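Engineer: Before I ask anything, here is the structure I am working with.
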Amino acid sequence: MATLSQLLELPDLGLKLLQSGPGDPELSWVSITELLGLAEYLEGGEIIMTTGLTLGADDPGWLDFVAGLSRARVAAIGFGVGVNHDTVPTPLLRAASTYRVALFEIPLPVPFIAVSKAVAGLLRSDELRAARSALQVQLRLLDSARGSQDPAEVLASIAQATGRQLALVSGKDRVLASTQGFQSDGAELVALNTEGTLHLAIAGSGPLTPEGSSVIAAGAMALGFSVRSDRASDRAERERWELLTGRILSGALPAATAEVLAPGVRLPRTLRAVAVQGSPEDISGWRGEPRLGLDRLIGSTEELAGGLARAWQIVDGSAPEAALTRIAQHGLDAVVGRAVAATALPMSVRSAAGRLGDLPGRSSLYVEPRRAQTIWADRDAPFLEAVLGLGASPEHGAIALSREVLGPLAATGPNRKASTEPDRELLCETLGALFASDGQRGPAAAALGIHRNTLRDRIARIERLTGRSLASAADRAELWFALRADELA
């Protein structure tokens with residue numbers, strides 16, 4: 003920015019400051035006048051040069067002249083001596099002091115045009131500096147489109163260069179990333195894709211400089227390139243994320259592998275597995291939204307009986323609310339697994355899987371008004387959590403008792419060795435189906451896709467291996483608690 007002090011420091015002009023104003027005012031332009039009522043034609047920041055042709059040395063009109071310029075917020079008054087007045091009039095000095103308007107003397111033989119050219123040169127240099135700075139920001143932003151810079155970092159770079167608050171918005175009002183303090187009220191939207199589903203929202207007041215406009219244009223281009231290359235709707239890209247998510251959820255790959263597909267994005271300290279369920283159409287709409295970073299950790303869609311579909315997503319364990327809001331906005335139900343360390347995601351999957359039977363069926367999708375249901379595996383059963391002592395050591399009493407009850411059907415024995423029963427998982431699934439069907443064998447056999455005689459044989463094996471009878475209410479209660487403890491612990 004060009005300032006008054008820079009002008010006064012130019013040695014060739016010999017300007018002399020007689021009265022300082024508040025601070026070091028920025029210069030916007032320069033004007034020569036002998037008029038008294040010039041204030042209404044000014045915008046602020048101008049230097050007004052005069053020789054005092056219309057006012058005498060002791061004329062009280064100097065006070066009104068300076069008062070008007072003060073209201074117009076001029077940068078300074080330049081008075082040329084040796085033309086109409088040999089010295090700067092005393093009333094002008096007093097008025098400048100009263101209204102705190104900067105006043106400097108222009109000596110002979112310095113012409114006013116020399117001062118005008120000097121101001122123009124300072125403004126031109128300032129514009130060149132701003133242009134160079136804006137160009138550097140634009141280059142960084144465009145480079146980020148080819149690299150791995152996170153959209154939030156791109157928004158921060160634009161905000162720093164323009165003083166605006168910005169956000170990356172999907173659909174009407176879903177904020178994917180934003181700068182601190184962003185408010186959507188009155189924000190201007192710039193489309194980033196041809197479908198009009200993704201926008202750069204710009205909020206802030208005051209005029210935007212040409213350099214600021216160019217920075218925003220470059221930032222919009224960078225975000226557009228980045229989002230188009232990152233969109234999970236791209237089939238090949240989505241398939242890679244689906245495959246990766248499935249392997250992470252099963253424990254075949256560590257969760258940190260996700261950072262390979264999203265360089266620059268770091269895993270949160272804890273993660274949760276979320277089972278998302280609803281109609282295939284709603285699942286498809288939810289999956290097709292533009293996604294960034296780890297928000298793309300969604301597994302493949304599984305078709306369920308009764309016209310339902312299900313998919314799994316990995317979310318931030320300590321802040322899953324944004325992901326759950328997006329799920330609910332599509333009318334989808336969800337079961338949220340326990341928050342676990344990145345290395346223990348299969349435990350979160352098991353905790354969520356144990357509550358899938360509590361989700362409503364297909365008929366609930368047609369109930370108006372439709373309210374999506376969210377079940378928290380670690381919040382909706384506090385009594386069970388407390389009784390089982392989840393999170394305790396493997397030698398905790400409840401866990402040890404569950405092993406004793408299940409016997410060969412437990413995942414691990416007292417010495418932490420894996421079960422040697424070859425059909426352990428099959429028999430545990432059968433036991434879970436019986437509990438889910440309230441002990442009714444017909445519905446349990448149908449859910450498992452087996453004949454009732456096959457179910458009867460499996461029940462006989464379960465009772466033989468555990469030493470418990472499913473005809474006994476007490477034994478059934480012990481088996482249910484033991485099975486839940488084994489699944490979650």
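With this note's numbering, the residue at position 364 of the sequence shown is 366, and numbering never jumps. The beta carbon of each residue, even a glycine, is placed where N, CA and C say it ideally should be. Only a predicted model underlies this, so the values are computations on that prediction, with no experimental measurement involved.
#1: Could you compute how far the alpha carbon of residue 49 sits from the alpha carbon of residue 84?
#2: By alpha-carbon positions, which one of 413, 488, 345 ends up nearest to residue 555?
#3: Tell me the rounded alpha-carbon separation between residue 330 and residue 361.
#4: Whole angstroms are fine: how far does the CA of residue 47 sit from the CA of residue 72?
#5: Could you give the DSSP three-state label for residue 16: helix, strand or coil?
#6: Take residue 194 and list the residues in its own chain whose beta-carbon comes closer than 7 Å to its own, dropping the five residues that flank it on each side.
#7: Do residue 351 and residue 377 have their C-beta atoms within less than 8 Å of each other?
#8: Is the stretch 255–262 close to the stretch 303–315, with three or more CB pairs under 8 Å?
#9: Could you compute how far the alpha carbon of residue 256 sits from the alpha carbon of residue 452?
#10: CA-CA distance, residue 180 and residue 4?
#11: Considering just the uninterrupted stretch of the alpha helix (DSSP H) at residue 350, what are its terminal residues?
#12: If you reduce the DSSP assignment to three classes, tell me which class residue 179 lands in.
#13: In the structure shown, what three-state DSSP assignment does residue 422 receive?
#14: Name the two residues that bound the continuous beta strand (DSSP E) containing residue 83.
#15: I need the DSSP call for residue 335, collapsed to helix, strand or coil.
#16: Among 322, 59, 357, which residue has its Cα nearest to the Cα of residue 379?
#17: Would DSSP call residue 444 helix, strand or coil?
#18: Taking 8 Å as the cut-off, decide whether the C-beta atoms of residue 410 and residue 426 are in contact.
#19: Mind checking residue 27: buried by the 16 CB within 10 Å criterion, or exposed?
#20: To the nearest angstrom, how far is it from the Cα of residue 292 to the Cα of residue 172?
#21: With distance defined between alpha-carbon atoms, name the residue in 186, 286, 275 nearest to residue 348.
#22: Does the separation of the CB atoms of residue 51 and residue 68 fall below 8 Å?
#23: Using a Cβ cut-off of 8 Å (strictly closer), state whether residue 211 contacts chain C.
#24: Closer than 6 Å by C-beta to residue 53: which residues in its own chain qualify, once you throw out the five before and the five after it? Chain order, please.
#25: Look up residue 362 in the DSSP assignment and say whether it is helix, strand or coil.
Structural biologist: Considering the structure as presented:
#1: 19 Å
#2: One cannot answer for residue 555 here, as it falls past the ends of the chain, which runs 3 to 491.
#3: 14 Å
#4: 11 Å
#5: coil
#6: 200, 201, 202, 222, 225, 226, 229
#7: no
#8: no
#9: 35 Å
#10: 33 Å
#11: 347–355
#12: strand
#13: coil
#14: Per DSSP, residue 83 belongs to no beta strand (DSSP E) and is neither H nor E.
#15: strand
#16: 357
#17: helix
#18: yes
#19: buried
#20: 7 Å
#21: 275
#22: no
#23: The structure shown has no chain C; it contains just one protein chain.
#24: 82, 85, 86
#25: coil
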